[in-house]
Amino acid sequence: MLIAKVIGTTVSTIKEPTLEGRKLLILRQTDVDGVPFGKPYVAVDTLDAGIGELVLTAHGSSGRQTEITQNRPVDAVIMAVIDHLSVLGEVTYQKE
Amino acid sequence: MLIAKVIGTTVSTIKEPTLEGRKLLILRQTDVDGVPFGKPYVAVDTLDAGIGELVLTAHGSSGRQTEITQNRPVDAVIMAVIDHLSVLGEVTYQKE
Amino acid sequence: MLIAKVIGTTVSTIKEPTLEGRKLLILRQTDVDGVPFGKPYVAVDTLDAGIGELVLTAHGSSGRQTEITQNRPVDAVIMAVIDHLSVLGEVTYQKE
Amino acid sequence: MLIAKVIGTTVSTIKEPTLEGRKLLILRQTDVDGVPFGKPYVAVDTLDAGIGELVLTAHGSSGRQTEITQNRPVDAVIMAVIDHLSVLGEVTYQKE
Amino acid sequence: MLIAKVIGTTVSTIKEPTLEGRKLLILRQTDVDGVPFGKPYVAVDTLDAGIGELVLTAHGSSGRQTEITQNRPVDAVIMAVIDHLSVLGEVTYQKE
Chain A
1 MLIAKVIGTT
11 VSTIKEPTLE
21 GRKLLILRQT
31 DVDGVPFGKP
41 YVAVDTLDAG
51 IGELVLTAHG
61 SSGRQTEITQ
71 NRPVDAVIMA
81 VIDHLSVLGE
91 VTYQKE
Chain B
101 MLIAKVIGTT
111 VSTIKEPTLE
121 GRKLLILRQT
131 DVDGVPFGKP
141 YVAVDTLDAG
151 IGELVLTAHG
161 SSGRQTEITQ
171 NRPVDAVIMA
181 VIDHLSVLGE
191 VTYQKE
Chain C
201 MLIAKVIGTT
211 VSTIKEPTLE
221 GRKLLILRQT
231 DVDGVPFGKP
241 YVAVDTLDAG
251 IGELVLTAHG
261 SSGRQTEITQ
271 NRPVDAVIMA
281 VIDHLSVLGE
291 VTYQKE
Chain D
301 MLIAKVIGTT
311 VSTIKEPTLE
321 GRKLLILRQT
331 DVDGVPFGKP
341 YVAVDTLDAG
351 IGELVLTAHG
361 SSGRQTEITQ
371 NRPVDAVIMA
381 VIDHLSVLGE
391 VTYQKE
Chain E
401 MLIAKVIGTT
411 VSTIKEPTLE
421 GRKLLILRQT
431 DVDGVPFGKP
441 YVAVDTLDAG
451 IGELVLTAHG
461 SSGRQTEITQ
471 NRPVDAVIMA
481 VIDHLSVLGE
491 VTYQKE
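In the order they appear, the protein sequences are chains A, B, C, D and E. Numbering-wise (my numbering), the first sequence opens with residue 1 and increments by one. Numbering-wise (my numbering), the second sequence opens with residue 101 and increments by one. Numbering-wise (my numbering), the third sequence opens with residue 201 and increments by one. Numbering-wise (my numbering), the fourth sequence opens with residue 301 and increments by one. Numbering-wise (my numbering), the fifth sequence opens with residue 401 and increments by one.
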């Protein structure tokens with residue numbers, strides 16, 4: 001899984017019919033302190049994650065192992081909202 | 101999923117028989133403003149996406165979760181045409 | 201598989217129901233001497249690996265081939281704790 | 301899929317029994333003009349592609365969605381030989 | 401598949417039960433001349449490959465398409481030992 005920050009939203013009228021009603025959010029991977037790096041990617045949100053929140057995303061076929069994503073053409077899903085991260089015993093990120 | 105811009109087309113006479121009639125487009129990944137970066141890749145188009153449009157592509161086995169791509173040797177599919185993208189509440193891309 | 205060092209922990213209240221009770225650890229890939237490099241990623245721990253230990257992680261659908269991870273939206277699992285690594289006949293890492 | 305150029309061949313006496321008779325070619329990814337970049341990789345050829353030809357390769361489990369590769373330990377397959385590529389309406393590659 | 405050189409071995413007492421008796425080797429990807437580059441990774445050996453030999457590795461779910469690796473949490477397998485490699489008609493690597 002990747003640690004990532006939710007940064008935005010996508011709107012699509014024309015899409016695969018099985019994606020109807022699925023929320024597709026824009027994310028960027030972050031380090032353990034929640035600071036984003038790298039290029040944006042898009043994942044299905046199954047947990048009502050909010051903009052600015054830190055989450056975990058699962059990729060590939062693993063992104064389809066939820067009720068909302070199964071058998072659908074999506075390759076990334078938000079499967080956890082992060083409360084806090086600790087590295088070597090020290091808290092590096094704490095949800096506000 | 102990746103945000104990508106449709107930039108071109110491929111034509112192949114010799115191909116796997118199950119790909120007959122599938123449209124294979126050339127794309128480049130973009131940032132949230134629709135500006136492409138990186139190297140081209142190819143995805144199956146199931147939505148009649150046009151050259152220059154911004155789309156989302158799903159990869160790996162997820163690329164086969166559509167009627168047009170199932171059980172076929174393809175690893176990327178266009179599963180949504182993007183109307184607009186918003187980052188931190190601001191529109192970063194708007195389809196013309 | 202990747203050689204990786206366990207560096208931290210994640211806590212999430214809001215998550216996919218099937219992840220209840222799964223331990224999600226933060227890791228960084230290492231070289232054969234156990235020195236980490238690159239960005240952190242998260243894997244399910246099925247072996248009670250400790251912070252600082254060197255492990256192997258399997259990714260993608262292979263990360264779901266354990267009793268603890270099957271059919272769940274996770275794409276990486278710790279499937280071995282490393283005792284030692286040898287390169288060209290020389291021990292490059294030894295568990296303390 | 302990746303656009304790639306066939307650059308060479310591999311010969312292996314010792315291999316998984318299910319690979320008997322499969323042709324494993326060496327490729328390098330190319331840009332839309334057919335100029336290779338990056339490191340070599342190996343894919344199964346199901347189309348009698350020739351050295352120097354431009355092809356498309358499908359990866360991961362998608363590489364196993366042909367009669368010749370199914371249920372075999374191969375993660376890339378040549379599934380189309382490219383006749384020509386067009387970008388923004390201009391031909392960037394034409395098979396000789 | 402990747403062209404890779406076997407460079408070392410891993411020993412693990414604590415591991416997924418289904419990995420009992422599987423040999424996990426350390427490899428580095430190589431170019432067509434057999435010179436390694438990049439970071440080490442680990443694959444299951446099903447062919448008694450020796451240290452220093454050049455092999456092909458299949459990744460992801462394809463790494464599980466052998467009797468020794470099926471249904472196990474492993475994402476890379478050695479599926480061929482390379483005798484020789486040719487690029488543009490010239491031998492670039494020959495097994496000793």
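For every residue, glycine included, the Cβ atom is placed at its ideal position computed from N, Cα and C. A quick note: this is a predicted structure, and the numbers were derived from the prediction, not measured.
- Message: Using C-beta distances below 6 Å, list every residue in its chain close to residue 203 of chain C, excluding the 5 sequence neighbours before and after it, in chain order.
- Response: Here the set comprises 230.
- Message: Quick check: the stretch 210 to 230 of chain C against the stretch 68 to 83 of chain A, are at least 3 beta-carbon pairs closer than 8 Å?
- Response: For the pair of segments examined, the stretch 68 to 83 of chain A was found to touch the stretch 210 to 230 of chain C: the number of CB pairs separated by less than 8 Å reaches three.
- Using a beta-carbon distance below 8 Å, is residue 450 of chain E in contact with chain D? Residue 450 of chain E does not count as touching chain D.
- Where residue 117 of chain B falls, given that 16 or more other Cβ within 10 Å makes a residue buried: Classification for residue 117 of chain B: exposed.
- Item | Inter-residue Cα distance where the pair is residue 24 of chain A and residue 7 of chain A | Going by the C-alpha atoms only, they are around 11 Å apart.
- Which residues of chain A have a Cβ atom closer than 9 Å to the Cβ of residue 286 of chain C, listed in chain order? Correct list: empty, because the minimum Cβ distance to chain A is about 27 Å.
- Is there a Cβ from chain A that is less than 8 Å from the Cβ of residue 110 of chain B? Residue 110 of chain B does not count as touching chain A.
- residue 34 of chain A, DSSP secondary structure in three states: It is coil, neither helix nor strand.
- Please go through the same chain and pick out, in chain order, the residues whose beta-carbon is closer than 6 Å to the beta-carbon of residue 434 of chain E, but skip the five residues on each side of it. Result list for residue 434 of chain E: 454 and 493, in chain order.
- If you draw a straight line from the C-alpha of residue 189 of chain B to the C-alpha of residue 441 of chain E, how long is it? Whole-angstrom Cα-Cα distance: 41 Å.
- Query: Taking 8 Å as the CB-CB cut-off, is residue 419 of chain E touching chain C?
  - Reply: At least one CB of chain C lies nearer than 8 Å to the CB of residue 419 of chain E.
- Would you grab the beta carbon distance between residue 462 of chain E and residue 363 of chain D for me? Rounded to a whole angstrom, and I think it's under 8 Å. Correct: roughly 7 Å between the Cβ atoms.
- Bounding residues of the beta strand (DSSP E) (the contiguous stretch that carries residue 9 of chain A): According to the DSSP assignment, residue 9 of chain A belongs to the beta strand (DSSP E) that extends over 2 to 11.
- Message: Taking the beta strand (DSSP E) that residue 290 of chain C belongs to, which residues open and close that run?
- Response: 290 to 294 is the extent of the beta strand (DSSP E) around residue 290 of chain C.
- Below-8 Å beta-carbon distance, residue 38 of chain A vs any chain B residue: Cβ-Cβ to chain B under 8 Å: no for residue 38 of chain A.
- Query: Using a C-beta cutoff of 8 Å, does residue 405 of chain E count as contacting chain C?
  - Reply: Nearest CB-CB separation between residue 405 of chain E and chain C: not below the 8 Å threshold.
- Query: Does DSSP put residue 119 of chain B in a helix, a strand or coil?
  - Reply: In the three-state reduction of the DSSP assignment, residue 119 of chain B falls in the helix class, which pools H, G and I.
- Message: Excluding the 5 residues flanking residue 401 of chain E on each side, which residues of the same chain have their C-beta closer than 7 Å to its C-beta?
- Response: Same-chain partners within the cutoff: 456, 457 and 458.
- Query: In terms of DSSP beta bridges, what is residue 357 of chain D paired with?
  - Reply: Per DSSP, D/302 and D/378.
- Determine which residues share a DSSP beta bridge with residue 324 of chain D and list them. Under the DSSP definition of a beta bridge, residue 324 of chain D partners with D/344.
- Query: Quick one: does residue 323 of chain D have its CB under 8 Å from some CB of chain E?
  - Reply: At a cut-off of 8 Å between beta carbons, residue 323 of chain D makes no contact with chain E.
- Under 8 Å between C-beta atoms, does residue 86 of chain B make it to chain D? This structure gives no information on residue 86 of chain B, because the portion of chain B shown stretches from 101 to 196.
- Message: Using CA atoms only, rank isn't needed, just tell me which of C/219, C/215 and C/243 is closest to residue 205 of chain C.
- Response: Out of C/219, C/215 and C/243, C/243 has the C-alpha closest to the C-alpha of residue 205 of chain C.
- What residues in its chain sit with their C-beta under 8 Å from that of residue 470 of chain E, if we drop five residues either side in the sequence? Counting only residues of its own chain and dropping the five nearest sequence neighbours on each side, residue 470 of chain E has a CB closer than 8 Å to the CB of 464.
- Query: For residue 426 of chain E versus residue 291 of chain C, is the C-beta spacing smaller than 8 Å?
  - Reply: No, these two residues do not count as a Cβ contact at 8 Å.
- Rounded Cβ spacing between residue 279 of chain C and residue 419 of chain E (contact assumed at less than 8 Å): Correct: roughly 6 Å between the Cβ atoms.
- Item | Residue closest to residue 196 of chain B, alpha-carbon to alpha-carbon, out of B/152, B/177 and B/176 | With distances taken between Cα atoms, residue 196 of chain B lies closest to B/152.
- Task: Thinking residue 60 of chain A and residue 75 of chain A are a contact (beta carbons under 8 Å), I'd like their distance in whole angstroms, please.
- Result: Between residue 60 of chain A and residue 75 of chain A a beta carbon distance of about 6 Å is seen, short of the 8 Å cut, so the two are scored as contacting.
- Task: Under the assumption that residue 273 of chain C contacts residue 66 of chain A (Cβ atoms under 8 Å), give the Cβ distance between them as a whole number of angstroms.
- Result: Taking C-beta atoms under 8 Å as the contact rule, residue 273 of chain C and residue 66 of chain A qualify, at a distance of about 5 Å.
- Query: Going straight from the alpha carbon of residue 115 of chain B to that of residue 349 of chain D, what length do you get?
  - Reply: The alpha-carbon of residue 115 of chain B is positioned some 10 Å away from that of residue 349 of chain D.
- Item | residue 460 of chain E: contacting residues in chain D (beta-carbon distance under 8 Å) | Within 8 Å Cβ-Cβ: 360, 361 and 375.
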